[in-house]
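There are 2 protein chains.
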Amino acid sequence: MTDTLVLIRRCLDSLRNSEKKVAKCVLGDPGAVITSSITELAEKAGTSEPTVIRFCRKLGLGGYMELRLNLARDLPSAQYIFENVSASDSLAGIAGKILTAHREAISNTLNRLDLDGLEAAVKALQSARRIEFYGLGGSAIVARDAHHKFFRLGIPCVAYDDPHMQVMSAALLSSEDVAVVISHTGSTKDIIDSAKVARNSGATVIGILGSENAPLLKFCEIALSVHSQEAALRLAPMTSRLVQLAIVDVLFVTVAMKDFNVTKERLDRVKRSLVDKRY
Amino acid sequence: MTDTLVLIRRCLDSLRNSEKKVAKCVLGDPGAVITSSITELAEKAGTSEPTVIRFCRKLGLGGYMELRLNLARDLPSAQYIFENVSASDSLAGIAGKILTAHREAISNTLNRLDLDGLEAAVKALQSARRIEFYGLGGSAIVARDAHHKFFRLGIPCVAYDDPHMQVMSAALLSSEDVAVVISHTGSTKDIIDSAKVARNSGATVIGILGSENAPLLKFCEIALSVHSQEAALRLAPMTSRLVQLAIVDVLFVTVAMKDFNVTKERLDRVKRSLVDKRY
DNA sequence: ATTTGTTTGTAGTAAATTTACAACAAAATT
DNA sequence: AATTTTGTTGTAAATTTACTACAAACAAAT
Numbered sequence: 001m002t003d004t005l006v007l008i009r010r011c012l013d014s015l016r017n018s019e020k021k022v023a024k025c026v027l028g029d030p031g032a033v034i035t036s037s038i039t040e041l042a043e044k045a046g047t048s049e050p051t052v053i054r055f056c057r058k059l060g061l062g063g064y065m066e067l068r069l070n071l072a073r074d075l076p077s078a079q080y081i082f083e084n085v086s087a088s089d090s091l092a093g094i095a096g097k098i099l100t101a102h103r104e105a106i107s108n109t110l111n112r113l114d115l116d117g118l119e120a121a122v123k124a125l126q127s128a129r130r131i132e133f134y135g136l137g138g139s140a141i142v143a144r145d146a147h148h149k150f151f152r153l154g155i156p157c158v159a160y161d162d163p164h165m166q167v168m169s170a171a172l173l174s175s176e177d178v179a180v181v182i183s184h185t186g187s188t189k190d191i192i193d194s195a196k197v198a199r200n201s202g203a204t205v206i207g208i209l210g211s212e213n214a215p216l217l218k219f220c221e222i223a224l225s226v227h228s229q230e231a232a233l234r235l236a237p238m239t240s241r242l243v244q245l246a247i248v249d250v251l252f253v254t255v256a257m258k259d260f261n262v263t264k265e266r267l268d269r270v271k272r273s274l275v276d277k278r279y
Numbered sequence: 280m281t282d283t284l285v286l287i288r289r290c291l292d293s294l295r296n297s298e299k300k301v302a303k304c305v306l307g308d309p310g311a312v313i314t315s316s317i318t319e320l321a322e323k324a325g326t327s328e329p330t331v332i333r334f335c336r337k338l339g340l341g342g343y344m345e346l347r348l349n350l351a352r353d354l355p356s357a358q359y360i361f362e363n364v365s366a367s368d369s370l371a372g373i374a375g376k377i378l379t380a381h382r383e384a385i386s387n388t389l390n391r392l393d394l395d396g397l398e399a400a401v402k403a404l405q406s407a408r409r410i411e412f413y414g415l416g417g418s419a420i421v422a423r424d425a426h427h428k429f430f431r432l433g434i435p436c437v438a439y440d441d442p443h444m445q446v447m448s449a450a451l452l453s454s455e456d457v458a459v460v461i462s463h464t465g466s467t468k469d470i471i472d473s474a475k476v477a478r479n480s481g482a483t484v485i486g487i488l489g490s491e492n493a494p495l496l497k498f499c500e501i502a503l504s505v506h507s508q509e510a511a512l513r514l515a516p517m518t519s520r521l522v523q524l525a526i527v528d529v530l531f532v533t534v535a536m537k538d539f540n541v542t543k544e545r546l547d548r549v550k551r552s553l554v555d556k557r558y
């Protein structure tokens, strides 16, 4: 499940000199490898074919073919990612670019999942006495969505999108509670305040953010950073939000699965409650 | 840029009998193709290698290698597709299945886009005097997201997740207004009532729903049906919601692009307003 | 029944990947 | 310092793979 490029970087130290040349070559232009034969890559790296194969084996891959396939998998249609929507685009063009960007964002998330962080978050969430979700602006939507999922499990939880309510409620948390703080930038003052207060109350603070070096991180015990190359479509940080929602979904399902029978019974009850609301 | 599997389905009719056998084989287990040689695939399909090549060419691909590479790109973690989450899954397994499901849902949306419906919706939205977004439960989140986007364009708009407020406000709409009604099932009584009232007021009703034959459709002038094959036992209809959000995003960006200079100025103003809120 | 054209598979080729091994360099041991 | 040992890299051969040219089989139409 690990991204091949990440794998290469991690193995870099244990590689021989000529294998390193191959590694640099692959890291330099991974897209080119996909369309190159082993001979071409060997030549480009200034080494021989067997070295390329040994390089692949060191990564734990079966051979050169497997490297190519894995790279193709990891860099899906990279050419579209950075394409921006322009005023002259047709509806189909805009839709294509946006949906592709979203799709790629989900792919990237999948390839670079922080399993340790997720594991820690799940652990905290499932043993939480109560859970509070904080978000502002666009992130308030993610917070609401999280609340809408988690309350069904019977865990007392709530979502606040009012900074005053956030700090007030955060002040009442205890060490058995969890605060999930959602922020795209990770540098909004109000949300940082909320995280700080929650932290001071002794609660476990989980951060879901779209940036990797944000001031908010300082107050998060567990941080799930979600990086989407958003630079292109700057109208609204939608890609980031979509990925955050997906991460919340993963957290929810994982927590829900831990005690499946209880969960199932609760979800069924929730479902039955809605029957009369429908035709 | 179209998904290879969709491409295959589309070409199915123009294929010879033995080429069809290859197609079925690929569609049946695309993941297996990635690790198979042309010989293996030919054998599995009960045909010969040249037929496989001819099949690839019919798709517009250069050869078998290109098919493999394309499939690898399209199915980043083929093992998870359409698989359901089970209680025995690891965190990585759950995350993989969920994110892949979301990814596929976005792909499907992209491939089966109802351009006419979108076009009509965009037209209605951009000439709307005011826009109201109605949603309940999970769909309320989509409604809020839509509001959070569209209000930046300077169009008066609002999101209601209270059925009483919805009908009350809907009663005040006029023929120059647009009501966007969001519902996963399309059969919730309250939301149908809201749509009905909006319709009676003369407003243009746009429906965004996850089902294709829902009672709600009767009251929608424009219907954007988003069908995600939600895995049988899904804990919550998240995939559908994600797709609905993506569709709203497409609508927003398209509307925003129509008068780009005005839009840009407005978005910048909104952005500047937030500067002081950050570190 | 024969012709015509289409569809499919056989056999062969060129190019790719991979293996086996030899050459060399560096390090260690005597 | 010489020799063995160990590790690294490239050469060349073997194997597999993708692809092409051609011919057989088949179907439709005269």
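Protein chains in written order, with our numbering: chain D, 1 to 279; chain C, 280 to 558. We put the beta carbon where it would ideally sit given N, CA and C, even for glycine. These numbers come from a predicted model, not from an experiment.
What residue does the alpha helix (DSSP H) around residue i start on, and which one ends it?
i, result
"C:Y343", "Y343 to D353"
"D:G93", "L91 to N111"
"C:T483", "It is not in any alpha helix (DSSP H) - C:T483 instead sits in the beta strand (DSSP E) that spans T483 to L488."
"D:I182", "It is not in any alpha helix (DSSP H) - D:I182 instead sits in the beta strand (DSSP E) that spans V178 to S183."
"C:V446", "P442 to A449"
"D:V122", "L115 to Q126"
"D:P30", "P30 to I34"
"C:K475", "K468 to N479"
"C:E429", "With the sequence shown as reference, residue 429 of chain C is identified as Phe, and Glu is not the correct amino acid for it. Run containing C:F429: G417 to F429, per the alpha helix (DSSP H) assignment."
So what does DSSP say about residue i, is it helix, strand or coil?
i, result
"C:C335", "helix"
"C:D547", "helix"
"D:C220", "coil"
"C:S504", "strand"
"C:T326", "coil"
"D:T254", "helix"
"C:T318", "helix"
"D:A232", "Residue confidence for D:A232 is low, a pLDDT of 45 falling below 50, so the modelled location carries little weight; the figure read from the coordinates is stated next. Reduced to three states, the DSSP call for D:A232 is coil."
Could you check whether residue j and residue i sit closer than 8 Å to each other, using their CB atoms as the reference points?
i, j, result
"D:K271", "C:K468", "no"
"D:R103", "D:L267", "no"
"C:V505", "C:V522", "yes"
"D:A124", "D:I222", "yes"
"C:I410", "C:I434", "yes"
"C:A399", "D:L113", "no"
"C:L495", "C:L488", "yes"
"C:V305", "C:I317", "no"
"D:V122", "D:V167", "no"
"D:A128", "D:D177", "yes"
"D:K149", "D:V248", "yes"
"D:A170", "D:S187", "no"
"C:D282", "C:N390", "yes"
How would you list, in chain order, the residues of chain D whose beta-carbon sits under 7 Å from the beta-carbon of residue i?
i, result
"C:P494", "Y279"
"C:G341", "Near C:G341 there are no residues of chain D at all, since even the closest Cβ is about 10 Å away, more than 7 Å."
"C:L451", "Result: empty, since nearest Cβ-Cβ is about 25 Å, beyond 7 Å."
"C:L524", "L242"
"C:L394", "L91 and A92"
In chain C, which residues lie less than 7 Å from residue i when you measure between Cβ atoms?
i, result
"D:V122", "L370"
"D:D190", "K556"
"D:A128", "Within 7 Å Cβ-Cβ: nothing; D:A128 doesn't reach chain C, min ~17 Å."
"D:E119", "L370"
"D:M165", "By Cβ distance, chain C contributes nothing, its closest Cβ being about 17 Å from D:M165, past 7 Å."
In terms of residue numbering, what span does the beta strand (DSSP E) encompassing residue i cover?
i, result
"D:I131", "I131 to G135"
"D:L286", "The shown model of chain D, from 1 to 279, leaves out residue 286 of chain D, and the question about it has no answer."
For residue i, which residues in chain D fall below 9 Å Cβ to Cβ?
i, result
"C:R423", "A140, I141 and R144"
"C:L294", "Neighbours of C:L294 on chain D: none; closest Cβ ~25 Å, over 9 Å."
"C:L348", "I34, T35, R68, L69 and A72"
Taking DSSP's pairing of strands, which residues face residue i in a bridge?
i, result
"C:C436", "C:I410"
"D:R241", "According to DSSP, D:R241 bridges with nothing at all."
Run down chain C in chain order and give the residues with a C-beta less than 8 Å from the C-beta of residue i.
i, result
"D:R103", "R382, I385, S386 and L389"
Name the chain D residues that come within less than 8 Å of residue i, Cβ to Cβ?
i, result
"C:T464", "R278"
"C:V285", "In chain order: nothing, as chain D lies at least about 13 Å away."
For a contact defined as C-beta to C-beta under 9 Å, what are the partners of residue i on chain C?
i, result
"D:H148", "G416, G417, A419, I420 and A515"
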